[in-house]
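Each remark here refers to the structure printed beneath this line.
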Amino acid sequence: MSAVALADIEAVRRRIAGRIEATPTVTSPSLSEITSFPVHLKLEHRQTAGSFKLRGATNAVAQLSAEEKRRGVIAASTGNHGRALAHAARLEGVRAVVCMSRLVPGNKVAAIGRLGADIRIVGSSQDDAQEEVDRLVAAEGLVMVPPFDHAGVIAGQGTIGLEIVEAVPGARTVLVQLSGGGLAAGVAAAVKGLSPATRVIGVSMERGAAMKASLDAGRPVPVEELPTLADSLGGGIGLANRFTFDMCRSLLDGVVLVTEAEIAAAITHAYRQEREVVEGAGAVGIAAILAGKVRPDGETVVLVSGRNIDMDLHRSIVCGTWREEGPAA
Ligand SMILES: *Cc1c(COP(=O)(O)O)cnc(C)c1O
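If you count the sequence shown from 1, position 75 lands on 56 in our numbering, and the numbers rise without skipping.
Take a look at the structure:
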């Protein structure tokens, strides 16, 4: 029995309805042609605040007691969780503090500031940012809302899985981004709860795939955090991981890794073929299909998880001037 089950996700869906967008699922003619099977894109990058993270953050804030709301919330983030939490907290009049490392792109930091959150930039890894969170929780009594290893956050992200199965009931395979695993665990719990035969495959970048390394080792292991186009997928899974490691181990049917060049090609494909602006993390599922690392054998759903890319970086990628050894590598 996993920590978050289908019934939990269905309850969360009712709780957050009206505060998040139910995003569209569309068929991709180009990817369907390449693979010879219908490939659908779940356009979750169009979510308010630019990523799916609003689902989990909205649920976590909705679950706070009045006393906890007075204390305020705090999180470590690679950017998108902080932005989502700042957005959800602001709607409730709750103070939010977001701790990030120097690796978080400036456009993400700026957007969080515009939402009125307090920002702390500390160190060069998610672990460094988390240490600052722990310090402030102790010093100021703020309530921590973790980016992935939290049952309410996992269930919030899982609501995407309900929408996927409703849109494509016959899906044979679902591709989902994999970093800390809140998204993959939630989506897999929902999808397999409704459609047990559907395969759910996690996709990470080669540069610092912490959950993949942990699944291979059979326990959470530390992984060096490296700069990557998929910056939202950076960071470890937490050596004291409570929920997502076990859920990913029992629910995922496989994990594939994509290179920086494959991510760049997928960002370009999303832009030129699908007319969508997608950040690196958001594009890894498309990358796995284009690179032939996942070969569809039936209807396939590819989750597009975020769009919060620096637009100058995006332009250099889609114009073909971005180079892996350049400033972004
Ligand atoms: C956070 C994030 C992910 C990964 O989610 P996890 O729950 O940490 O696995 C994927 N894509 C985007 C755009 C994100 O912001």
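Here a beta-carbon is modelled for each residue, glycine too, at the ideal position from N, C-alpha and C.
- Under the DSSP assignment, Arg51 falls in the alpha helix (DSSP H) whose first and last residues are 47 to 52.
- Contact annotation: Leu210 and Gly273 have beta-carbon atoms that are not nearer than 8 Å.
- By the criterion of a C-beta distance shorter than 8 Å, Ile135 is surrounded in its chain by Ala(-16), Val(-15), Gly37, Phe129, Gly163, Ala166, Gly167, Ala170, Phe224, Thr225, Met228, once the five residues flanking it on both sides are discounted.
- Here the alpha carbon of Arg95 sits roughly 43 Å from the alpha carbon of Phe18.
- The continuous stretches of alpha helix (DSSP H) do not include Val157, which lies in the beta strand (DSSP E) extending over residues 154 to 158.
- Placement of the Cβ of Gly63 at a distance of 7 Å or more from every heavy atom of ligand 1 is found.
- Within the segment 161 to 213, the complete alpha helix (DSSP H) segments at least 4 residues long are 163 to 175, 191 to 198, listed from N- to C-terminus.
- Between the C-alpha atoms of Glu205 and Arg116 there is a straight-line separation of about 23 Å.
- According to DSSP, residue pairing for Ile55 in a beta bridge involves Val78, Met125.
- A direct Cα-Cα distance of roughly 25 Å separates Val103 from Asp293.
- With respect to Val285, His26 sits close: the two C-beta atoms are nearer than 8 Å.
- DSSP places Arg101 in no alpha helix (DSSP H) but in the uninterrupted beta strand (DSSP E) bounded by 99 to 102.
- The DSSP-derived three-state label of Ile244 is helix.
- Annotation for Val237: the continuous beta strand (DSSP E) segment containing it runs 235 to 239.
- Straight across, the Cα-Cα distance linking Gly279 with Ile145 is about 15 Å.
- Between Val78 and Asp108 a beta carbon distance of about 18 Å is seen, past the 8 Å cut, so the two are scored as non-contacting.
- Bounds of the alpha helix (DSSP H) holding Leu271 are 265 to 271.
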